[in-house]
Each structure stands twice: as C-alpha cells, then as structure tokens.
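Colleague: Sharing a structure here in structure tokens format.
Residue numbers (the working numbering): 146 to 216.
See below:
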C-alpha cells in the first residue's frame with residue numbers, strides 16, 4: 146500500500162477528481178441536449194459530443210498512466 150505522502154498518490158487523487166468534474170459537466174451538457182432538444186439534430190450532436198468525450202478521456206488516461214513520478 147503506497148504511503149499518503151507519495152506524489153503518485155496525490156496525483157492520482159487529483160486526476161480522479163478532475164475526471165469526476167469533467168464527466169459531471171459532460172453529463173449536464175448531454176442531458177440538456179437530449180432532454181430539451183427538439184428534433185433529431187440535438188441528439189446527433191449529443192452522440193458526437195459523447196464519443197469525443199470518451200476518446201479524450203481515454204487519451205488523457207493513457208498519457209497519465211505513462212507519467213513517471215519521482216520524488
């Protein structure tokens with residue numbers, strides 16, 4: 146179990162918090178596009194937005210996993 150003074154532990158918590166904030170914002174945008182959009186166009190935009198958000202999250206997670214933390 147890593148120590149709480151380890152920089153990787155802090156970085157992981159900060160990254161998890163930022164991803165939570167990012168996905169909360171994404172949910173709010175998707176909800177409003179789907180719920181209050183009239184016709185099919187807002188729903189198509191929501192699908193494109195969601196796929197872009199997923200790709201961006203995967204890329205940032207892969208880059209974060211490759212970071213080497215040293216003290």
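Quick reminder that beta carbons are idealized off the backbone N, C-alpha and C, glycines included.
(1) In terms of residues, what are the limits of the alpha helix (DSSP H) holding residue 208?
(2) CA-CA distance, residue 195 and residue 178?
(3) What first and last residue would you give for the alpha helix (DSSP H) that runs through residue 214?
(4) Quick check: the region 156-176 against the region 201-214, are at least 3 beta-carbon pairs closer than 8 Å?
(5) Can you give me the C-alpha to C-alpha distance between residue 155 and residue 211, rounded to a whole angstrom?
Modeller: Reading from the atomic positions:
(1) As a first step, residue 208 is located in the chain shown; it is residue number 63 there, counting from the start. Here the alpha helix (DSSP H) through residue 208 covers 186-211.
(2) Taking the first residue of the chain shown as position 1, residue 195 is located at position 50. Taking the first residue of the chain shown as position 1, residue 178 is located at position 33. Each residue's Cα considered, the two are about 11 Å apart.
(3) Residue mapping note: residue 214 aligns to position 69 of the chain shown, counting from 1. It is not in any alpha helix (DSSP H) - residue 214 carries neither H nor E in the DSSP assignment.
(4) Taking a cut-off of 8 Å on C-beta distances, the region 201-214 touches the region 156-176, as three or more cross pairs fall below it.
(5) Locating residue 155 in the chain shown gives position 10, where the first residue counts as 1. Locating residue 211 in the chain shown gives position 66, where the first residue counts as 1. A straight-line Cα-Cα distance of about 16 Å links residue 155 and residue 211.
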